[in-house]
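The block underneath contains the structure these notes are about, expressed in structure tokens.
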Amino acid sequence: MKAENWQQLGLKPFEYEKIVKSLGREPTWTELGMFSVLWSEHCAYKHSRKLLKTLPTQGERVLIGPGENAGVVDLGDGLAVVMKIESHNHPIAVEPYQGAATGVGGIVRDIMAMGARPVALLDSLRFGPLEEARNRFIFGGTVGGIAGYGNCLGIPTVGGEVYFEEAYSLNPLCNVLCVGVIEKDKVKRGRAAGEGNAVILIGNTTGRDGIHGCTFASEELGEDTEEKRPNIQVGDPFTEKLLIEACLELVDSGAVVGMTDMGAAGITSSCAEAAARAGMGIEIDVAKVPLREEGMTPYEIMLSESQERMLIIAEKGKEDQVKAICDKWGLRSAQIGVVTADGMFRVRERGTIVAEVPAKLLAEEAPIYTPEARKPAYLDEVGHLDPGEVSPIGDAAECLRILLRTPDLASKEYVYRQYDHMVRTDTIVLPGADAAVLRVKGSRKGFAVCTDGNGRHCYLDPRSGAISAVAEAARNVCCVGAKPVAVTNCLNFGNPEKPEVFWQFSQVIEGMAEACLKLGTPVIGGNVSFYNETSGHAVYPTPVIGMLGIIQDTSAVCTPEFKLEGDIILLLGPIAPPQEGAWLGGSEYLRAVHRMVKGKPARVDLELEKRLQAMLLEAIGKGLLKSAHDISDGGLAVALAECCFGSPAHEMIGASVVLATPGVRRRDELLFGEAPARVIVSADPSDFGRLKALAEKHDVPLTLLGKVGGDHLDIAIAEGETKTLIHERVEELRSLWQGAIECLLK
Amino acid sequence: MRFGVVIFPGSNCDSDCYHALKDVMGLEAEYIWHKSTDIRGFDAIILPGGFSYGDYLRAGAIARFSPVMKAVEKFARGGGLVLGICNGFQILLEAGLLPGAMMRNDCLQFRCHYVEVKVENAETPFTGECSPGQILRIPIAHGEGNYFAEPRVLEELKRNQQIVLRYHGSNPNGSVDNIAAVINREGNVMGMMPHPERCCEGVLGGTDGKFIFQSMMKYIGWSLPLNPATQGRCGSRES
Amino acid sequence: MEFLVKVEVTLKKTVADPQGQAVYSALRDMGFEGTREVRVGKLIEVRVEGEDREHARSLVDEMCRRLLANPVIEDYRLEVGVDG
Amino acid sequence: MEFLVKVEVTLKKTVADPQGQAVYSALRDMGFEGTREVRVGKLIEVRVEGEDREHARSLVDEMCRRLLANPVIEDYRLEVGVDG
Ligand SMILES: Nc1ncnc2c1ncn2[C@@H]1O[C@H](COP(=O)(O)OP(=O)(O)O)[C@@H](O)[C@H]1O
Ligand SMILES: [Mg+2]
């Protein structure tokens, strides 16, 4: 075969040689296409697989870890929670609405493949600054697409995050996380077990859309990005909703041996992976695939990424049962093949064999690379910060206003009010809190989920940035009263063939592994998205952590907003930095007020973090806390303001706080410095003693800051006499914060 | 007292309604598949929220041709209580069981949050437990809740007190005259955009939705004096 | 015979068109100052089997009255072409 | 001079049209058995000030490329009329 042919499909010389050697012959055109997609970075994890193996994946609650369509965690009471996150970055850069919509569709099918009912979505988004029209367009389209698809499915979108940084202007990120619930003993696996069992394709017809989508996802975007556009599909949430209901009935029917979704690389990957996982083979006939267009070649059929399709492996003899359920839901179904024992993935077009390759070779034996890693030179320049470079602020109140107005810190209500976050009537802590909480009807149990990841921190110090992402995610989940138990993650990076990018990647993996191990939150799945790079500009290294926490009793959840006049306000964790400037590096304050992206973000003390989280959980469990809110971007002052802003269930209320911090020179660092392991809580004054004892027991610093009440946020500092730093009406602060994003869109 | 909750392809608040009726309100509730043509034996029918047929073309436009809708029409003509919530409201409009039409929200975006609505008519089977002018806090979740009726129709709605709920404070979708719920002339078919089934439990942040279902229970109990069991449970209308 | 019938569904003039409004403002903001008005409707292309043009038209007209347009807020126009 | 330019925005033939599909099935179920295909697109009517027809066309063409259509998934066609 001519080299142009396989090169044009993105295969490397070494890879082509491996194919020829393994097959003992030259591949056919269809086979080559199949290898090119399954051996793409997107499907094969060629550059990341080795390092991903170093992540901790075991835990007492883990039922299924990485390797299946989604991870599964034991919730107790015979129930299990299924969770997975995935990126759809490249598609939103060219068609934000449909790109995001089909991203939701894809991750939901991963959850369905495990047999579970999808019950919640979260979206972690990164865009360029809203001052630019193109970024506004991508932002609006992406949010609209998630809303358009998720709302129609009747799956609440209960949380997520949005950041705006120049580094994402050309490469916006869209990561979507889905959570499902299932009875433990009904969990399905994506396995094609049992010779003679039926291979059935259900859902939408197959068209020419999305061919080579995963190759697209495995390339840098370039000048010719427009040309890649035919890879974009139009989502059909209505069909997906029917698929969800049909799949759940199929699971209940007992006719199903295994299920798998059809995402990237369509029929090729779903069949090859299902066969490989079971150590079996599959034989299909492309002529049996219901097509949307005429004249499609086997190559096109095998590679089509048409949406809203699932592959069902049904017990032999129960094919009619599968068909009846699909018919009931108005879905197409077609048996396209059978499971075989010979381990081969054989594709016929009626009488002719058009492809015949070992399923394992395709699905599991892509070459693995050990790329070179080199510490990037930019770190020499921006990796250090001399506090002297940052001129101290005059007007603290003005700084607070600037911070509350920056879109990174501003209320994301503009986003989540477009999402149906209440459907299914299980969302008991709505978006706007540190983590969303869902109950499970018929059980006292519930769970909390959130996503966290700070690309700027990881840019400045990838290892520590990853640790703080895990720590923050776990802390957020603890703040609502859930015990963190498992992580799913989405790793968004530039081109891994560049040593600097790979260095960032390896540092992030190291940090994540350390934090997950320490905090007892094993990684049960995830997704890697490389090549988020356009014309040499890569995104910040952006690991997004999806954290799952378990709640034993949903009547004892906690929320961030202050509740009652007279309650005391306490800080758990350190109040001042260990040395001057330690909390300024990489902070939102530096960026928004001083326009600097510099320094090392504060180091995470994982031991303290762990103790703090244990204390939080115990305090919430004992009913000692009225509210809890972690201090993250924007520091103490921003977190205090947020606690005053109320929620759908509680009115806003003021607070007055005095910081007694002798010896600390920088007020800006006290107010706006960012450090992990810090939480603001409020409590009834009569519980102070018990909280103090609890803090001592867990060896967590505790400081009494002040009281809830009034209609102002008052922050003063005690230096001999007491000086007011901030005295602002809560209502005014809140309106700045609430309207900031919409204001930028006008 | 039997409530029927219709499932159209794409309904997604069907199980929420069922849960609110059965597990929270303690009523007898059953699902009705969109292909059923016989809905005898029910005391009230709920058309739930969601995206029937993906809301393709226009919200509710395709669902109104479902086989079950003929039966629902007949049930309504016979005086049976029909409540359309959100997508259910849209379906009732498309089916001509209620006057007017639904358009895209004027903000062109989906909106999900709590709203306040004012009870404009507390004499209907769906609001009998409310006091006139009472403010209810109920969530909305829709992209097409911009109710429209021609001026002539609007006048008629007002004259006959067919506007049952109005948005109070701000109007989330641009609906004419702040309309959030309308009832038919005969007073047995109501459509409302807010979702009462989403606020029947304190843990969900509100319980005002119960007023709607309790009103229906009372009304049915009162209008079915022949059934002593039902009457005993619901008490008289005055209480 | 097969006919391709184009149906234009537009909002009645008396009905506000927020989508058209939004497009109008966006165009003005982008510098298209000569824009005077924008209205957004639907274009539905129906390929239908009919005895002749008139038959095809009457079929699609019925589709419009029953499903494709909502007479409370929308007007529609048909145009019958022969299938290409 | 003012021109009324009609823009038809349709999904590319290779792109799935779930909306058209749903309408198609509904029509079939309603008894319109001669229906062969339905596709749903947008009709955008732009009233624009231009020197002449050609100018109006080129203005709206630019609007289409920049805002009204997304070439990834959509095609568009223009038709310039004189303002009525
Ligand atoms: N894209 C989004 N989708 C849904 N909810 C979001 C989104 N972005 C932010 N939120 C919600 O807004 C709140 C604040 O988000 P964020 O500032 O990222 O929280 P934190 O700093 O605690 O991680 C959270 O409840 C979050 O779930
Ligand atoms: Mg938080």
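Chains as they are written, first to last, in our numbering: chain B, 1 to 746; chain S, 747 to 985; chain V, 986 to 1069; chain P, 1070 to 1153. The C-beta atom is built at its ideal place from N, Cα and C for all residues, glycine as well.
Proximity to residue i [Cα-Cα], best of the options
i, options, result
"S/F754", "S/F797, S/I785, S/T783 and S/I925", "S/F797"
"B/E68", "B/W29, B/A147 and B/A192", "B/A192"
"B/G432", "B/H421, B/V440 and B/T425", "B/H421"
"B/E300", "B/E349, B/L243 and B/W583", "B/E349"
"S/M938", "S/N924, S/M815 and S/E947", "S/N924"
"B/E372", "B/L51, B/G266 and B/E60", "B/L51"
"B/L736", "B/G337, B/G586, B/E389 and B/A397", "B/A397"
"P/A1172", "S/N917, S/I881 and S/A805", "The first residue shown for chain P is 1070 and the last is 1153, placing residue 1172 of chain P beyond what the model contains."
"B/P648", "S/C945, S/N919, S/N758 and S/A926", "S/C945"
"B/Y361", "B/T340, B/T534, B/M34 and B/D605", "Before going further, note that residue 361 of chain B is Leu rather than Tyr in the sequence given. The shortest C-alpha separation from B/L361 is found at B/M34."
"B/V593", "B/C399, B/A637 and B/T28", "B/C399"
"B/R475", "B/V604, B/D426, B/G646 and B/E732", "B/V604"
"P/S1094", "S/Y802, S/Q960 and S/R898", "S/Y802"
"S/L950", "B/K441, B/G621 and B/G566", "B/K441"
Alpha carbon of residue i to alpha carbon of residue j, nearest angstrom
i, j, result
"B/A677", "B/G99", "36 Å"
"B/R292", "B/Q321", "25 Å"
"B/A359", "B/V176", "29 Å"
"S/M936", "S/I929", "4 Å"
"B/I726", "B/C174", "37 Å"
"B/T239", "V/L1028", "23 Å"
"B/G623", "B/A556", "7 Å"
"B/G107", "B/S686", "Reading off the sequence, residue 107 of chain B comes out as Ile, not Gly. Cα to Cα, B/I107 sits roughly 47 Å from B/S686."
"B/G525", "B/G59", "13 Å"
"S/H780", "S/V752", "6 Å"
"B/A435", "B/G634", "18 Å"
"B/G115", "B/I92", "28 Å"
"B/R791", "B/L75", "Here chain B covers residues 1 to 746 and nothing more, so residue 791 of chain B does not appear."
"B/L670", "B/K600", "17 Å"
Cβ-Cβ separation, residue j to residue i (assumed contact under 8 Å), whole Å
i, j, result
"B/S333", "B/K323", "5 Å"
"B/V181", "B/V485", "Contact doesn't hold; Cβ gap of about 15 Å is too wide."
"S/K864", "S/R912", "5 Å"
"B/A355", "B/E31", "5 Å"
"B/P578", "B/H629", "Contact flag wrong, Cβ pair sits at about 23 Å."
Close-in-space but distant-in-sequence residues of the same chain around residue i (CB under 7 Å, 5 per side omitted)
i, result
"V/T995", "R1024, G1026, E1059 and D1060"
"S/A822", "V828, L843, N934 and V935"
"B/K723", "A716 and I717"
"B/C43", "V37, C214, A264, A265 and S269"
"B/G190", "E68, N69, A113, G258, M259, T260, E273, A274 and R277"
"B/P56", "A513, C516, L517, P522 and V523"
Beta-carbon proximity list for residue i, same chain, < 6 Å, skipping 5 on both sides
i, result
"B/A718", "V658 and A660"
"V/E1064", "K991"
"B/E223", "Bear in mind that a pLDDT of 49 at B/E223, under 50, signals an unreliable position, so the model cannot answer this."
"B/P462", "Q504, Q507, V508 and P541"
"B/P237", "Y149, C152 and L153"
"B/G511", "R463, A466 and I467"
"B/I111", "A70, V82, P118, C178 and G180"
"S/L793", "V752, G830, G834 and I837"
Beta-carbon contacts of residue i that lie in its chain and below 8 Å, excluding the five residues immediately before and after
i, result
"S/E819", "A841 and L843"
"S/G825", "E932 and N934"
"S/G787", "R748"
> Would you call the stretch 756-766 of chain S and the stretch 118-126 of chain B in contact, with 3 or more CB pairs under 8 Å?
Replying inline: no
> Counting pairs of Cβ atoms below 8 Å between the stretch 666-684 of chain B and the stretch 564-576 of chain B, do you hit three or more?
Replying inline: yes
>> Does the structure place the stretch 402-417 of chain B close enough to the stretch 528-543 of chain B that three or more beta carbon pairs sit under 8 Å?
In response: no
>> Under 8 Å: do the stretch 856-871 of chain S and the stretch 881-895 of chain S share three or more Cβ pairs, one atom per stretch?
In response: yes
> So, do the stretch 999-1014 of chain V and the stretch 1040-1049 of chain V have three or more beta carbon pairs nearer to each other than 8 Å?
Replying inline: no
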